[in-house]
Amino acid sequence: MQAAGSATMSLDQVAYQAKRGELFNVTVNVDPQQEALDTVRAVVTFNPTLISVQSVNLIGSFGRSAPGNYYDNTTGKVSWGVFTLEEPVTAISPVISITFLALQEGNGTIELSSDSKAIADGEEKINLSGLKNATIGVSASEQSDAQSMLIVVSSFSHPNEQDWYTENTVEFSWIPLEGTSQISAYYYSFDQNPKGDPTIYLVGSKTETSVEANADGIYYFHLKGIQKDGKETPVVHREVHIDTTAPNAIELTAQDTKILEGESVWLTFATTDETSGVLQYQIAMNDSTFQLQQSPLEITDLSAGTYFFRVAALDRAGNETYGATSVRVYPEGTDLERPAGYEESSEVQAILNPVTDTISDVSKSPIMLITLVLGVAVLFGIIYATRKQKK
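Number 1658 marks the last residue of the sequence shown (this note's numbering); no jumps.
Right under this line is the structure:
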């Protein structure tokens, strides 16, 4: 028997409006209501003759998608689970964002099913009476007259226009929405011009194709249809982001590679990525898993022994580059023959104090901020090299 809880689930709007052929987003939110949630499954139902799902995206605090997620445009259902391995979620958070396509004019509902779940440590905590639904109204399109077809383009391989992908082969498919005249031929092109003219011929029965990007960057797929009555459909332009290249080489630098028990390890790391940009850094120690971190990083309370540190820099497409270093921790009282006047972390603090004051002034300029971070990394490297020569 499942225990009842107080957590509620809702949609971000109570009423959605879209025009035929338009895409619109629906966000599912969860409110723990003083529960500590680690797992949520949102089950959403809809009228598949009115709207259809194009993609589902994980968003919010949970961070990981559960197995068994799917959407079905035949029955009109989305079942999407998420969970977290970090601290339980105790504040209102979005769970997923569903992108729908408006297929035809009419009215319907988008509903949260009673099969939805909100779980805390294996125990059901959802209040099913608190599920909140929404209405959807689809009106006529303004893009074409009543006699023109509308074409809606999607990509299974690259579903979201603003995301970056490592795969340079892109698969497109499209749906011709009903008009008074059928499509006899299509024309398409794939280039880096946002408003390019489609010129490559496809037969009218074709509803999919694949293209290839010959370099990293932002591309556009252009498609139009020629109707049997001679009219052209509006040209559809769909954006694609490609980044197949890992971030530039990264160096993981330790302020000291030999320290005493009770002292801190200070690590610095930085790099750049010319296409999609560096999204995050992760650090692992010995056999531990990688964890999100920021530079400079202080690690404390290490017992005597040798520690191997690895850093991973990930760009927005998921490409990775790695760096590594090791640090030896000696028992307290060991003579490490340090320079006269040495004080643990003195150089680190000398750099960090002015940097802390400066970051707030340059945070609005990404280029200045990157330059500052790289400059700090270089300074730490100089300190390290100078010490090594003295030892």
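Ideal placement from N, C-alpha and C gives every residue a C-beta, glycine not left out.
Since this is a predicted model, take the numbers as computed values, not measurements.
{"Query": "Cβ-Cβ separation, residue 1469 to residue 1455 (assumed contact under 8 Å), whole Å", "Result": "6 Å"}
{"Query": "First through last residue of the beta strand (DSSP E) which encompasses residue 1361", "Result": "1360-1369"}
{"Query": "Residue burial classification, residue 1615 (beta-carbon count within 10 angstroms, cutoff 16)", "Result": "For residue 1615, the predicted model reports a pLDDT of 48, less than 50, meaning its position is unreliable and no value from the coordinates is stated."}
{"Query": "Residue 1417 versus residue 1347 - alpha carbon distance", "Result": "30 Å"}
{"Query": "Cutoff 7 Å; reference residue 1660; Cβ partners in own chain excluding five residues on either side", "Result": "Only positions 1268 to 1658 of the chain appear in the structure, and residue 1660 is not among them; the question remains open."}
{"Query": "Residue 1582 versus residue 1332 - alpha carbon distance", "Result": "20 Å"}
{"Query": "Proximity to residue 1560 [Cα-Cα], best of 1534, 1324, 1541", "Result": "1534"}
{"Query": "Coarse secondary structure for residue 1472, derived from DSSP in three states", "Result": "coil"}
{"Query": "Through-space distance from residue 1422 to residue 1344, alpha-carbon basis", "Result": "20 Å"}
{"Query": "Straight-line Cα distance separating residue 1508 from residue 1599", "Result": "53 Å"}
{"Query": "Distance, residue 1365 Cα to residue 1537 Cα", "Result": "35 Å"}
{"Query": "Three-state secondary structure assigned by DSSP to residue 1348", "Result": "strand"}
{"Query": "CB-CB length for residue 1490 against residue 1503, believed under 8 Å", "Result": "5 Å"}
{"Query": "Where the beta strand (DSSP E) containing residue 1304 begins and where it ends", "Result": "Per DSSP, residue 1304 belongs to no beta strand (DSSP E) and is neither H nor E."}
{"Query": "Residue 1327 - DSSP class collapsed to helix/strand/coil", "Result": "coil"}
{"Query": "Sequence-distant residues of the same chain with beta carbon closer than 7 Å to residue 1393, five excluded per side", "Result": "1272, 1274, 1276, 1383, 1384, 1385"}
{"Query": "Boundaries (first-last residue) of the beta strand (DSSP E) holding residue 1598", "Result": "Careful: residue 1598 lies outside any beta strand (DSSP E) and carries neither H nor E."}
{"Query": "As assigned by DSSP and simplified to three states, the class of residue 1398", "Result": "coil"}
{"Query": "Under the three-state DSSP convention, the category residue 1292 falls into", "Result": "strand"}
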